[in-house]
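S.K.: Residue numbers (the numbering used here), protein chains in the order written: chain A, 100 to 522; chain B, 161 to 401. If you scroll down you'll find the structure; I have some questions about it.
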């Protein structure tokens, strides 16, 4: 199934034409129905904006298996002791009570694109006029030889918020004096490009205080990474001699991990570690694959201006799962895309004004106490992709007051985006 | 109307006049002078006032964070009744009110104990004010506190200020702002922009757009907004409670 010329024209239609269009009702059922799968930065935001802005004209259902959402963003600050786990937890009560969203705690296990229904693990089948998939990431099986999900309690990925993060923190706290923390970093593209390196910073911060002779090794398949200069300068200043970043060109490729003996085999050499944080290669959340809208790399290609799937005009894909162009996979990006998608969906289903798409992203990272850095960019929709138009990054040598301000700004951002997602 | 209120109105009127005719007249009270020169001129004030790291009250109150402070409000300093009353009446130290006070303290606050004859040169006063501002709010604050404003921000084409924004469009565009700023007006880490006067909003956004203001995120966000879009955002946020 591909996008029709009509739907593309509709996406680019003038606001005047759309504003006088009659209410477009669901084909077989009262108010138009929007089903949103995934209650994170993309899903919660799009559900809230659809419900808020349509003022009751849309029937919005949000499907999310967990009752409490623990954000992956800021989870590194929990590892570093700068946040509690509780402060990263959010519930869906306001979305239901204040915005009238039908929140269903269940797993979406299938999409019938012809019948336009989503099936749930509990047995229900929900009809939709538009479906929004924002399921985050899943891992590519076999991308780290020797590791699969059955080993996640031995070698945690901690790349989905919640209990995995808690487990990793407990493991680091229990490290023997002078022990080794090893990270297997992911290949591109993956959720939160600076995330693994902020994590290393936060683990180093914790070890510096409690286990100062411990070592951190990063086995990285990439030759460079996000904010590399800022992180490496920060590590040299704050944690001298503690962190070794080892790219595969230097060490050879990672051959396997051995969860039962806590070993890593790299370039023919065996390294023993006390804690191994395996962050595998990633792909779109499973439901996107089940809906058959992913490409051979495992991501879901989308139309930039509306976030509609390139395979199905009735499905929109947000955030980490979307193959959209230049935007990084981040909570900020997902939130930004959600608002564009909400505007497009509302326009299509209710005839409301459709405004031009604008996207932005900023990623803050904490290197140490009051030492925050950031990177960000603005984007616009072209026919081919969401394209970067301008950007910025923190600089080495910034004074302590600016770094502190940047950190405080990130706390403000967390509060702001949480409110924007959950009301 | 009290004397100080009249003086402030006069000073503000001057600033507004300069905003629409930037090339004319003397140095505006709200223009920020040269802090280095101000540090030298501050020697006169040092007989009574301290400012900077670990500054304490002396004959006069310390002047750290003086901008935005209610007159007569430094803890543990014994003020004159006149200054306490001025504070209770709503006198807040801003570039304009400080300028008036420095010019002639007794004309702004009756029976103040500040035994200073006054600084007649507007230029000198602007330098001292610039020096004091270094120990108060920074220009990168958003929304800026009044004392951090500079006349540069206001050199905006009146035609831009006259654009009537579409609040509906502003509401859509506000989605971009609300990833960070809170609609409810909470001011923590990222400042509140809710309920901001339309003109102030437009002036500030254009200052980011022209890269007069420093914050990189805001430069990026404002940089791609058209004049109409900025007006729309200003109209929306002004009306948000």
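Where is the CB? At the ideal position from N, CA and C, for every residue including glycine. The structure presented is a predicted model; accordingly, all values stated were derived computationally and were not measured.
#1: Using DSSP with H/G/I as helix, E/B as strand and the rest coil, what is residue 144(A)?
#2: Any Cβ of chain A within less than 8 Å of the Cβ of residue 332(B)?
#3: Within 10 angstroms of its Cβ, does residue 183(A) collect 16 or more other Cβ (buried), or is it exposed?
#4: For the alpha helix (DSSP H) containing residue 171(A), name the first residue and the last one.
#5: Are the CB atoms of residue 513(A) and residue 173(A) nearer to each other than 8 Å?
#6: With a threshold of 8 Å between beta carbons, is residue 467(A) in contact with chain B?
#7: Taking the alpha-carbon of residue 262(B) as reference, which of 281(B), 363(B), 207(B) and 246(B) has the nearest alpha-carbon?
#8: What's the C-alpha gap between residue 362(B) and residue 476(A)?
#9: Apply the 10 Å Cβ neighbour rule to residue 277(B) and answer buried if 16 or more other Cβ atoms are within range, or exposed otherwise.
#10: Along the chain, where does the alpha helix (DSSP H) containing residue 371(A) start, and where does it finish?
#11: So, with DSSP's three-state summary, where would you put residue 494(A)?
#12: Would residue 495(A) and residue 329(A) be called neighbours here (beta carbons separated by less than 8 Å)?
#13: Is DSSP giving residue 289(A) helix, strand or coil here?
#14: Return helix, strand or coil for residue 478(A), following the three-state DSSP convention.
#15: Just the Cα atoms here: how many angstroms apart are residue 375(B) and residue 271(B)?
#16: Is it buried or exposed, residue 445(A), if we count other Cβ atoms within 10 angstroms and call 16 or more buried?
#17: By Cβ distance below 6 Å, which residues in the same chain neighbour residue 200(A) in space, the five residues on each side in sequence not counted?
#18: Anything in chain B within Cβ reach of residue 360(A), meaning under 9 Å, just list it in chain order.
#19: Establish whether the CB of residue 310(A) and some CB of chain B are separated by less than 8 Å.
#20: Where do the N-terminal and C-terminal ends of the beta strand (DSSP E) with residue 161(A) fall, by residue?
#21: Based on the DSSP secondary-structure assignment, which residues constitute the bridge partners of residue 344(A)?
#22: Compute the Euclidean distance between the alpha carbons of residue 189(B) and residue 141(A), then round it to the nearest angstrom.
#23: Helix, strand or coil for residue 201(A), going by three-state DSSP, please let me know.
#24: Please identify, using Cβ separations under 9 Å, the residues of the segment 498-522 of chain A that lie next to chain B, in order along the chain.
#25: Check for me: the alpha helix (DSSP H) holding residue 387(B) runs from which residue to which?
#26: Going by DSSP, name the residue or residues bridged to residue 229(A).
#27: Using only alpha-carbon positions, find the residue among 230(B), 296(B), 220(B) and 248(B) that is nearest to residue 237(B).
#28: Could one say the Cβ of residue 394(B) lies closer than 8 Å to chain A's Cβ atoms, at least one of them?
#29: Who are the Cβ neighbours of residue 201(B) in its own chain at under 6 Å, not counting the five residues just before and after it?
#30: For residue 519(A), which option in 342(B), 395(B) and 212(B) has the closest C-alpha, if you only look at C-alpha atoms?
#31: Taking the alpha carbon of residue 316(B) as the reference point, which residue from 331(B), 368(B), 295(B) and 336(B) has its own alpha carbon closest?
#32: Go through the segment 225-258 of chain B residue by residue and report every complete run of the alpha helix (DSSP H) that reaches 4 residues or more, in order.
#33: Between the segment 435-450 of chain A and chain B, which residues of the former have CB atoms less than 9 Å from a CB of the latter, in chain order?
#34: DSSP three-state label for residue 400(A), please.
#35: Less than 6 Å between C-beta atoms, sequence neighbours within five positions excluded: which residues of the same chain meet that for residue 274(B)?
#36: With three or more beta-carbon pairs closer than 8 Å as the criterion, would you say the segment 354-369 of chain A touches the segment 391-407 of chain A?
M.R.: So, to answer that:
#1: helix
#2: yes
#3: exposed
#4: Here residue 171(A) belongs to no alpha helix (DSSP H), and DSSP marks it neither H nor E.
#5: Contact flag set, yes.
#6: no
#7: 281(B)
#8: 22 Å
#9: exposed
#10: Unbroken run through residue 371(A) is the beta strand (DSSP E), 368-371; no alpha helix (DSSP H).
#11: coil
#12: yes
#13: coil
#14: strand
#15: 43 Å
#16: Residue 445(A) comes out buried.
#17: 146, 150, 159, 161 and 194
#18: Those within 9 Å of residue 360(A) in chain B number zero; the least Cβ separation is about 45 Å.
#19: no
#20: 158-162
#21: 317(A)
#22: Residue confidence is low: residue 189(B) scores 41 on pLDDT, short of 50, so the model does not pin down where it sits. No coordinate-derived value is stated.
#23: DSSP, reduced to helix, strand and coil, places residue 201(A) within a strand of the structure shown.
#24: Correct list: 500, 501, 504, 506, 507, 508, 509, 510, 511, 512, 513, 514, 515, 516, 518 and 519.
#25: DSSP places residue 387(B) inside the alpha helix (DSSP H), whose first and last residues are 387-399.
#26: In the DSSP output, where bridge partners are listed per residue, residue 229(A) has 133(A).
#27: Per the Cα distances, 220(B).
#28: no
#29: 284, 287 and 288
#30: 342(B)
#31: 368(B)
#32: 241-248
#33: Within the segment 435-450 of chain A, the residues whose Cβ lies closer than 9 Å to some Cβ of chain B are 435, 437, 438, 439, 441 and 442, listed in chain order.
#34: strand
#35: 265
#36: no
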